[in-house]
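First comes the structure, then the notes that go with it.
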Amino acid sequence: MNEGLMQFLSQGGYAQFVWGAYGMALLLLVGEVIGLRRRRRTILARLRRLLRLGTPPDNPREHE
Numbered sequence: 000m001n002e003g004l005m006q007f008l009s010q011g012g013y014a015q016f017v018w019g020a021y022g023m024a025l026l027l028l029v030g031e032v033i034g035l036r037r038r039r040r041t042i043l044a045r046l047r048r049l050l051r052l053g054t055p056p057d058n059p060r061e062h063e
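Mapping the sequence shown onto numbering that gives the first Met the number 0, position 39 (from 1) lands on 38, and the numbers just tick up by one.
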């Protein structure tokens, strides 16, 4: 491999920390996207159910 690329990948001896941090950030971002998609799917299913039942959704501010 190219010496410059090897030097970049080794990150001056801190590669495990640098690439580990990138890996953790990527893992958390992927988890966030998955969680948001699940939440969206749940909300849309609840809205469809409410529309089928013909009842308006609860307004949380009415209960204050």
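Yeah, the Cβ is synthetic: ideal placement off N, Cα and C, and Gly gets one too.
Rounded distance between the beta-carbons of residue j and residue i, thought under 8 Å
{"i": "residue 6", "j": "residue 17", "result": "Rounded, the Cβ-Cβ distance is 13 Å, inconsistent with contact."}
Pairwise C-alpha distance: residue j and residue i
{"i": "residue 14", "j": "residue 49", "result": "52 Å"}
{"i": "residue 20", "j": "residue 32", "result": "18 Å"}
{"i": "residue 22", "j": "residue 45", "result": "35 Å"}
{"i": "residue 53", "j": "residue 39", "result": "21 Å"}
{"i": "residue 34", "j": "residue 28", "result": "10 Å"}
{"i": "residue 2", "j": "residue 12", "result": "15 Å"}
{"i": "residue 51", "j": "residue 26", "result": "38 Å"}
{"i": "residue 43", "j": "residue 4", "result": "47 Å"}
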